[in-house]
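First up is the structure itself, then whatever we jot down about it.
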Amino acid sequence: MKIFNTLNGRMEEFVSLKEGEVGLYTCGPTVYDYAHIGNFRAYVFEDFVRRTFEYLGYRVVQVMNLTDVDDKTIRRSQQEGVTLREYTDRYIQAFFEDIALLGIEPAEHYPRATDHIPEMVAIIEDLLAKGIAYRKGDGIYFDLAKFPKYGALAKLDKAQLKSGARVDVDEYDKENVQDFALWKEAKEGEPFWETSLGKGRPGWHIECSAMSMKYLGPTFDLHMGGVDNIFPHHENEIAQSEAHTGKPFVRYWLHVHHLIVDGTKMSKSLGNFHTLRGLIEKGFRPEVIRFLLLSTHYRKTLNFSFDALAQMEKSWQRIVNFQTELEGTLFGEKETPGLEDWLQESRSKFRAALEDDLNISQALNTLFEFIKEGNLRLSRGEIGASAANLISETLKGFDSVFNLLPRGGQGELTEEQKGLVEERNRFRREKNFPEADRVRKLLLDQGILIEDTRNGVRWKRA
RNA sequence: GGCGGCAUCGCCAAGUGGUAAGGCAAAGGUCUGCAAAACCUUCACCGUCGGUUCAAAUCCGACUGCCGCCUCCA
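Written as structure tokens, this is what we have:
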């Protein structure tokens, strides 16, 4: 498995710390609102990575944090006059609903920041004791001067980091504008925690250090997130964690690039801002949205458009049709020449694509070539029952990584519906087409679409 | 202002030195009671201009456009 490691800007062979197991930390949402499709591009890709490792035989231990305390969550909960917990509970629930719709496999751990205050305090106390952190004015800050490696991930020269245009330096009471907050002392009217550090709340970055190390250990395999997190968030995580433990923090960093809409940045003011809920209300299937979010290699900007989404729907249908035909057709027994070789070759091409820095486009190429060949064989009438089953299993194996097929197959017909299909067949044999069409319409009204193929009748849910 | 990324057929998107994967759309055909699905055929000299090389979409330079980072946004 080769992956592009942001840490050194190179393609590297992935070797896990523990054989057969991957420790994975993925930066999760700040739960102040519904997540948007840009967020979901990252989460869907992370799911793809997780599934890829599982496909390759690894056991994955994934941690995704839920940031439930920050300026935005505090401000909004106050505006609504509810507690921080009540406010964030609502969006955490929405988040879980959304990722379930997108077919994202749950992580092993979803730690909430506010449930891990003691762990964060412990790290901060240690950093204070080591003289790496200092208390000043309204908070506790990390002293970058004590961490020479700072800037390695983002490839920023510390000396060149200036107080940017976006920061009003006067607002901060720290010794160096570059230093970042570990702890913020309680402000009037804001939620706070009573700790050995005093009353206050954690800075943003410390939660990820505390929670990742708690569940994955001081050094772990893989840390992912959006490119915008490289600096300062991930840079700060490295500084805090390594200053605390004296050990390397993360071995491989993977960063997902952004999503743009119609070639331009997604923003509320441009009216091109989309949430998953919004798209579903417009009638798009979550599987298709997942497909689109997945369809571009993670290190490239993904261009979202409704045009593209509509095309994805068709493209997706091709995959589903193939599976439907394999599962929903009554095949006889038949010898299929070269079956094993073909399946074997497809699997190895598929695997090679995944192992090449998670090249999903190549993996999809393999999938569609597989479907093409399968359809060709179907049209030639070469497929028997056992072959159809093997092909279907191979397809499902590929799909265990994409997760695009409707889950649990398409179910079974009721006895009555089966009877109707039989009845229609009888009418067709008798060439009584008006009656056959009437029965077909009857089934369609129940959501069952009947299609006649060379290999027999098949059905699917409309 | 500093740093970085991207630019491939109408659309989505692989390919990073040896002459353009795949999907959608489109056109023609086959199959078919109809419909759908499927199959066959057709469909690109890779943003612009220079350079390096026997050979470049692939390397170098300039330009144009878009995107991102430069302290709390995936």
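Residue numbers (the working numbering): 525 to 986.
Note that the Cβ used here is the ideal one computed from N, Cα and C, for glycine as well.
None of the values given here were measured: they were computed from a predicted structure.
For this session: Would you check if the distance between the CB atom of Trp1021 and the CB atom of Leu677 is smaller than 8 Å?
Result: Past the boundaries of the shown model lies residue 1021; the chain is included only from 525 to 986, so the question cannot be answered.
For this session: With distances taken Cα to Cα, identify the nearest neighbour of Leu592 among Gly750, Val585, Thr612.
Result: One point to set straight first is that residue 592 is Asp, not Leu, in the sequence displayed. It is Thr612 whose Cα lies nearest to the Cα of Asp592.
For this session: Whole angstroms is fine: what's the gap from Arg871's alpha carbon to Ile804's?
Result: The alpha-carbon atoms of Arg871 and Ile804 are separated by roughly 33 Å.
Problem set entry | Neighbourhood of Phe528 by C-beta, 6 Å cutoff - its chain only, sequence neighbours within 5 removed | Only Met535, Asp881 meet the Cβ criterion.
Exercise. Which residues in the same chain as Ser765 place their Cβ atom closer than 6 Å to its Cβ, once the five residues preceding and following it in sequence are excluded?
Worked result: The answer, listed in chain order, is Ser733, Phe773.
Exercise. If you check the beta carbons only, do Glu917 and Lys858 fall under 8 Å apart?
Worked result: Between Glu917 and Lys858, the gap from beta carbon to beta carbon reaches 8 Å or more.
For this session: Counting only runs of 3+ residues fully inside the stretch 725–787, write out the beta strand (DSSP E) ranges in chain order.
Result: List check, beta strand (DSSP E) in window: 744–750, 774–780, 783–785.
Exercise. Helix, strand or coil: how does DSSP classify Leu966 here?
Worked result: DSSP places Leu966 within a helical segment (H, G or I) once states are collapsed to three.
Exercise. For the beta strand (DSSP E) that contains Gly547, what are its first and last residues?
Worked result: Start and end: 545–550.
For this session: Starting from the Cα of Gln702, find the closest Cα among Leu944, His768, Gly750, Tyr665 and give me that residue.
Result: Of the listed residues, the one whose Cα sits closest to Gln702 is Tyr665.
Exercise. Going along the chain, which unbroken runs of the alpha helix (DSSP H) with 4 or more residues stay wholly within the stretch 576–611?
Worked result: For the stretch 576–611, whole alpha helix (DSSP H) runs of length 4 or above, ordered along the chain, are 595–604.
Exercise. When DSSP labels each residue in this structure, what does Leu626 get in the three-state scheme?
Worked result: The answer is coil: DSSP assigns Leu626 none of H, G, I, E or B.
Exercise. What's the call for Ala689, buried or exposed, on a 16-neighbour Cβ count within 10 Å?
Worked result: A caution first: Ala689 carries a pLDDT of 34, below 50, which makes its placement in the model unreliable, though a value can still be read off. Residue burial annotation: Ala689 is exposed, with fewer than 16 other C-beta atoms found within 10 angstroms of its C-beta.
For this session: Give me the Cβ distance between Phe548 and Val584, rounded to the nearest whole Å; I'm assuming they're in contact under 8 Å.
Result: Here the sequence assigns Leu to residue 548, which means Phe is not the residue at that position. That pair is a contact at about 6 Å.
Exercise. What residues match up with Tyr658 in a beta bridge as DSSP calls it?
Worked result: For Tyr658, which the question treats as bridged, DSSP gives the partners Tyr665.
Exercise. Around the C-beta of Thr977, are 16 or more other C-beta atoms found within 10 angstroms, so that it is buried, or is it exposed?
Worked result: In the assembly as shown, Thr977 is an exposed residue. Its beta-carbon has fewer than 16 other beta-carbons within 10 Å.
Problem set entry | Helix, strand or coil at Glu857 [DSSP, three-state] | DSSP, read as helix, strand or coil, puts Glu857 in coil.
For this session: Pull up the CB-CB distance for Gly741 and Cys551, whole angstroms please, since I reckon it's below 8 Å.
Result: The Cβ separation is near 18 Å, so there is no contact.
Exercise. What separation, rounded to the nearest whole angstrom, lies between the Cα atoms of Ile784 and Glu578?
Worked result: Roughly 30 Å separates the two Cα atoms.
Exercise. In terms of residues, what are the limits of the alpha helix (DSSP H) holding Val981?
Worked result: Where Val981 is concerned, there is no enclosing alpha helix (DSSP H), although the beta strand (DSSP E) it sits in stretches over 980–985.
For this session: Find out if the Cβ-Cβ distance for the pair Ile561, Thr799 is shorter than 8 Å.
Result: The Cβ atoms of Ile561 and Thr799 sit closer than 8 Å to each other.
Exercise. Over what stretch of residues does the alpha helix (DSSP H) that includes Lys789 continue unbroken?
Worked result: Looking at the DSSP string, Lys789 is not in any alpha helix (DSSP H), and its letter there is neither H nor E.
Exercise. CB Pro553 to CB Phe620, shorter than 8 Å?
Worked result: No, they are not a contact pair.
For this session: Report the rounded CA-to-CA distance for Ile895 versus Phe569, giving the unit in angstroms.
Result: Rounded to whole angstroms, Ile895 to Phe569 spans 23 Å at the Cα level.
Problem set entry | Beta-carbon gap between His779 and Ile754 smaller than 8 Å | The Cβ atoms of His779 and Ile754 sit closer than 8 Å to each other.
Problem set entry | Residues that DSSP places opposite Trp707 in a beta bridge | Beta-bridge pairing links Trp707 to Ile664, Pro726.
Problem set entry | Residue ranges of each alpha helix (DSSP H) within the stretch 809–847, 4 or longer | Here the runs fully enclosed are 810–818.
For this session: Would you mind giving the Cβ-Cβ distance between Val925 and Phe572, rounded to the nearest angstrom? I have them listed as a contact below 8 Å.
Result: So it is a contact: roughly 7 Å between Cβ atoms.
Exercise. Do you know how far the Cα of Gly661 is from the Cα of Leu721?
Worked result: Rounded to whole angstroms, Leu721 to Gly661 spans 13 Å at the Cα level.
For this session: Output the boundary residues of the beta strand (DSSP E) element that contains Arg953.
Result: No beta strand (DSSP E) holds Arg953; the alpha helix (DSSP H) holding it covers 939–953.
For this session: Rounded to whole angstroms, what's the CA-CA distance from Lys738 to Val645? Just pull it up for me.
Result: Cα-Cα distance, rounded: 13 Å.
For this session: List the DSSP bridge partners of His633.
Result: Answer by DSSP bridge pairing, in chain order: Val587.
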